[in-house]
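Protein chains in written order, with numbering that gives the first Met the number 0: chain A, 0 to 248; chain B, 0 to 538.
Note that beta-carbon positions come from the ideal geometry of N, C-alpha and C, so glycine has one too.
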Amino acid sequence: MKILVAVKRVIDYNVQIRVKEDGSGIVTDNVKMSTNPPDDNAIEEAVKIKESGKATEVVAVTVGEEKAQETVRKALAVGADRGIHIKAEGIVEPLAVAKILQKIIEKEKPDLVFMGKQAIDDDCNQTGQMLSALLNWPQATFASKIEIKDKKLEVIREIDEGLETIEVNLPAIVTCDLRLNEPRYASLPNIMKAKKKPIEQMSALDLGVDTTPRVQLIKVEEPPTRKAGIKVSSVAELVQKLKNEAKVI
Amino acid sequence: MLREAMDYDVVIVGGGPSGLSTAIKLKQLNPELNVCLLEKASEIGAHILSGNVFETRALDELFPNWKELNAPIKTKVSKEKFLFLSKSKSLSWPTWLLPSVQQNHKNYIISLANLCRWLAEQAEALGVEIFPGFPASEILYNDDGSVKGVATQDMGIDKEGNKKDSFEPGIELIGKVTVFAEGCRGHLGKELIKKFNLDEGKDPQQYGIGFKEIWEVDEKKHHEGMVIHTVGWPLDNNTYGGSFIYHAENKQIFLGYVIGLDYKNPYLSPFDEFQKFKTHPSIKKIIEGGKRISYGARALIEGGLQSLPKMFMPGALLIGCDAGTLNMPKIKGSHTAMKSGMIAAETIFEKLKDNKDLSIYEDKFKKSWVYEELYAARNVKPSFSWGLIFGIIFTGIDQILFRGKLPLTLNHKHADHETLKPANQMPKIEYPKPNGVITFDKTSSVYLTGTNHTDNQPVHLKLKDPNLPINYTLEKFDEPAQRYCPAGVYEIHVENNVNKFVINSQNCIHCKTCDIKEPSQNIEWVTPEGGGGPKYGNT
Numbered sequence: 000m001k002i003l004v005a006v007k008r009v010i011d012y013n014v015q016i017r018v019k020e021d022g023s024g025i026v027t028d029n030v031k032m033s034t035n036p037p038d039d040n041a042i043e044e045a046v047k048i049k050e051s052g053k054a055t056e057v058v059a060v061t062v063g064e065e066k067a068q069e070t071v072r073k074a075l076a077v078g079a080d081r082g083i084h085i086k087a088e089g090i091v092e093p094l095a096v097a098k099i100l101q102k103i104i105e106k107e108k109p110d111l112v113f114m115g116k117q118a119i120d121d122d123c124n125q126t127g128q129m130l131s132a133l134l135n136w137p138q139a140t141f142a143s144k145i146e147i148k149d150k151k152l153e154v155i156r157e158i159d160e161g162l163e164t165i166e167v168n169l170p171a172i173v174t175c176d177l178r179l180n181e182p183r184y185a186s187l188p189n190i191m192k193a194k195k196k197p198i199e200q201m202s203a204l205d206l207g208v209d210t211t212p213r214v215q216l217i218k219v220e221e222p223p224t225r226k227a228g229i230k231v232s233s234v235a236e237l238v239q240k241l242k243n244e245a246k247v248i
Numbered sequence: 000m001l002r003e004a005m006d007y008d009v010v011i012v013g014g015g016p017s018g019l020s021t022a023i024k025l026k027q028l029n030p031e032l033n034v035c036l037l038e039k040a041s042e043i044g045a046h047i048l049s050g051n052v053f054e055t056r057a058l059d060e061l062f063p064n065w066k067e068l069n070a071p072i073k074t075k076v077s078k079e080k081f082l083f084l085s086k087s088k089s090l091s092w093p094t095w096l097l098p099s100v101q102q103n104h105k106n107y108i109i110s111l112a113n114l115c116r117w118l119a120e121q122a123e124a125l126g127v128e129i130f131p132g133f134p135a136s137e138i139l140y141n142d143d144g145s146v147k148g149v150a151t152q153d154m155g156i157d158k159e160g161n162k163k164d165s166f167e168p169g170i171e172l173i174g175k176v177t178v179f180a181e182g183c184r185g186h187l188g189k190e191l192i193k194k195f196n197l198d199e200g201k202d203p204q205q206y207g208i209g210f211k212e213i214w215e216v217d218e219k220k221h222h223e224g225m226v227i228h229t230v231g232w233p234l235d236n237n238t239y240g241g242s243f244i245y246h247a248e249n250k251q252i253f254l255g256y257v258i259g260l261d262y263k264n265p266y267l268s269p270f271d272e273f274q275k276f277k278t279h280p281s282i283k284k285i286i287e288g289g290k291r292i293s294y295g296a297r298a299l300i301e302g303g304l305q306s307l308p309k310m311f312m313p314g315a316l317l318i319g320c321d322a323g324t325l326n327m328p329k330i331k332g333s334h335t336a337m338k339s340g341m342i343a344a345e346t347i348f349e350k351l352k353d354n355k356d357l358s359i360y361e362d363k364f365k366k367s368w369v370y371e372e373l374y375a376a377r378n379v380k381p382s383f384s385w386g387l388i389f390g391i392i393f394t395g396i397d398q399i400l401f402r403g404k405l406p407l408t409l410n411h412k413h414a415d416h417e418t419l420k421p422a423n424q425m426p427k428i429e430y431p432k433p434n435g436v437i438t439f440d441k442t443s444s445v446y447l448t449g450t451n452h453t454d455n456q457p458v459h460l461k462l463k464d465p466n467l468p469i470n471y472t473l474e475k476f477d478e479p480a481q482r483y484c485p486a487g488v489y490e491i492h493v494e495n496n497v498n499k500f501v502i503n504s505q506n507c508i509h510c511k512t513c514d515i516k517e518p519s520q521n522i523e524w525v526t527p528e529g530g531g532g533p534k535y536g537n538t
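Written out as structure tokens, the structure reads:
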């Protein structure tokens, strides 16, 4: 079995996001970038499945600028076998990413496709679902437990009401939740070995996918800062303020 | 459990200006050498914080074509001011009356973090293997006592010291020579200085704590290339310190404050002095209406030549501010750190080629311009132990009339942890509450640093005696850790009328001040899990 894992390079989750002064986007210069956190879970799960003997190859794929390769390199350092980097500049929307992945999947013919449930930069949570529609494959989103059963997959999903267990036929698309596993650390010798693993590079154009955004970005703004609270001296004053000023009771 | 080992010609600990310069120079001298460099931050630059007005002397030697290579050094100093502050007034000192070491017209306003990122790119292009996120936590020795290399930190250990599922053992990196370039108060450097008596016959090292904020201000208030330094208010005559205000590119202002850690009053809070400084009318008017976008703090070396330890030992070299090559009157350490690293590379090259002893480092260092600079600068900092006014008068005579050639050398008498007076002998200091516009609290400041340490790992700030903070330091000094820590790591909590010393180690921004200033040297900074600490941008 071959598993394809899609990973995305995003601003590190510890970094405080800053909006560009002209409102055209967010500041990314000299900002620490990392792999999108749930994508780390996706890689970890794929590597675990391979280690258990149920998969033979894990391929990591990313879409983005030249430096997005680092994200593939990191996946290789924790156990992926080889990488694919599709070069694209600027914002690449979920539909374009899904179309690129569709082309890669047609070529690579994996049995399973893993990716994070959503990226922490745009919070779209769309790529997996769109990809499943394009391929007409079953999808299992927000997976917190995955079990391979012959030609089927049993997946526990994290949903608003609790946990939902579903079964999907292979090949399938699975989007991973943070609760799925604890990603391992890349060890130093493995980072060294990863430098020698192959990363195939191509452009979105080579695959015939137009990545021109379909959504027009009008303005990015910071959320308004919360105003400082006030202290009241009595319950009566509190009730009066809630009634007359806040108008909530 | 046996750790895996990897052999290199040279192992470098620390990806700052000195370590990166060693790595680059080594590969320039001999491209065949196997060189690796370890960095505790998640990426090169993420733990680098500095003013910084940069003198290009060392870089000119390392990369004469740095401009063509597009080094992030763009803003030439165009105007300079030196101000004496009183509570509400400021007096401008004519720049032609400044000692030449404090004149900056040939220098550049840069982000040292960005310069390090660039240096790392050059190093990698030359074939240096750089490993960010891997702190060297342990020194390895050969049977004959010489340094053999270092081991990286184990990953995936829980609070109690047990292995988690994600446990990943550290790796031994064995070098023919190991270079320690951890920066000011490196925790391995500290061990080496002690083990090999490198500071024998030297004065105690002197430190300062430096703060930096980056502000984005209105175009009209911004004069790219302008450099301002101040002394005086809010510090009293007996506390050593001053500020910098650098108008950098992109409408940014690098605003900072440095305070000598030899201060005496345990109630003094360096962080709050810096915040208060910004309320001075001549400072406030620059940043008013602007936005603070970054914050950080880091200890720095002030001891100069008198406190500079021996920089070589069997199997290893100690360079940059891990030893202490900062030029205090110049308020610059990047160029001297780089040069000390380049000399290290030349020394190692000769050792590996002709089997020369590492002690040739000393001779090379003494013949270099770094030594010349540090020699001329040596009397400035100690003269300020007489107070700001006498310090300035002496410095004027020493630096302007004699250009540092006075035939006497003043000494540093005390280590910084010895200078605090008991709390009951010193006045309490009330600091104004932060207003959230110009002045801020520690919590919102640390938030800007992007600092994080993985949950459930051992506390990396070790107490030699866990009861000392409450039984002794709180009583005698009102536990100054609450105030000298720029990140609010140390707190005294009262639970059921019992005082409790709390260490919020996840907030630690790796400045090392506690390791330096704790009066009983009871706090020891050790490396946390790799990648932890701040994620500084263009600081």
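Bridge partners - residue i, DSSP secondary structure assignment
| i | result |
| --- | --- |
| B:ALA298 | B:ILE208 |
| B:TYR256 | B:PHE210 and B:SER242 |
| A:GLY82 | A:ALA59 and A:ILE198 |
| A:GLN101 | DSSP output for A:GLN101 lists no bridge partner at all. |
| B:MET327 | None; B:MET327 has no bridge partner. |
| B:GLN251 | B:GLU215 |
| A:CYS175 | A:GLY115 and A:ALA142 |
| B:LYS350 | The partner list for B:LYS350 (beta bridge, DSSP) is empty, contrary to what the question assumes. |
| B:LYS499 | B:HIS492 |
| B:ILE515 | DSSP lists no partner for B:ILE515. |
| A:LEU3 | A:VAL58 and A:VAL112 |
Contact with chain C by residue i, beta-carbon distance below 7 Å
| i | result |
| --- | --- |
| B:SER333 | Included in the structure are the protein chains A and B, with no chain C among them. |
Under 8 Å from the C-beta of residue i: neighbouring residues of chain B
| i | result |
| --- | --- |
| A:SER131 | Within 8 Å Cβ-Cβ: nothing; A:SER131 doesn't reach chain B, min ~31 Å. |
| A:ILE336 | Here chain A has residues from 0 to 248 only, and residue 336 of chain A is not among them. |
| A:ASP11 | SER41, GLY449 and LYS534 |
Any chain B beta carbon closer than 7 Å to residue i
| i | result |
| --- | --- |
| A:SER251 | Summary: the structure shown does not reach residue 251 of chain A, with chain A confined to residues 0 through 248, and so no result is reported for it. |
| A:ARG178 | no |
| A:LYS183 | Reading off the sequence, residue 183 of chain A comes out as Arg, not Lys. It does: the Cβ of A:ARG183 has a partner Cβ on chain B nearer than 7 Å. |
| A:VAL30 | yes |
Chain A within 7 Å of residue i, Cβ atoms only
| i | result |
| --- | --- |
| B:MET225 | no |
| B:SER293 | no |
| B:GLY536 | yes |
| B:ILE170 | yes |
| B:SER165 | yes |
| B:GLU3 | yes |
Buried or exposed by the 16-neighbour rule on C-beta atoms within 10 Å, applied to residue i
| i | result |
| --- | --- |
| B:ASP356 | exposed |
| B:TRP524 | buried |
| B:ILE508 | buried |
| B:PHE389 | exposed |
| B:HIS459 | buried |
| B:SER537 | One point to set straight first is that residue 537 of chain B is Asn, not Ser, in the sequence displayed. Buried: at least 16 other Cβ atoms inside 10 Å. |
| B:PHE401 | exposed |
| B:PRO131 | buried |
Cross-chain neighbours of residue i in chain A, by beta carbon under 9 Å
| i | result |
| --- | --- |
| B:TYR446 | GLN15 |
Compile a chain-ordered list of the residues in the stretch 103-136 of chain B whose CB is closer than 9 Å to at least one CB of chain A.
SER110, ALA112, ASN113, ARG116, GLU128, PHE130, GLY132 and PHE133
Given a limit of 8 Å on CB to CB distance, which residues of the stretch 39-58 of chain B reach chain A?
SER41, GLU42, GLY44 and ALA45
Identify each residue in the stretch 145-156 of chain B for which the Cβ-Cβ distance to at least one residue of chain A is less than 9 Å, and report them in chain order.
THR151, MET154 and GLY155
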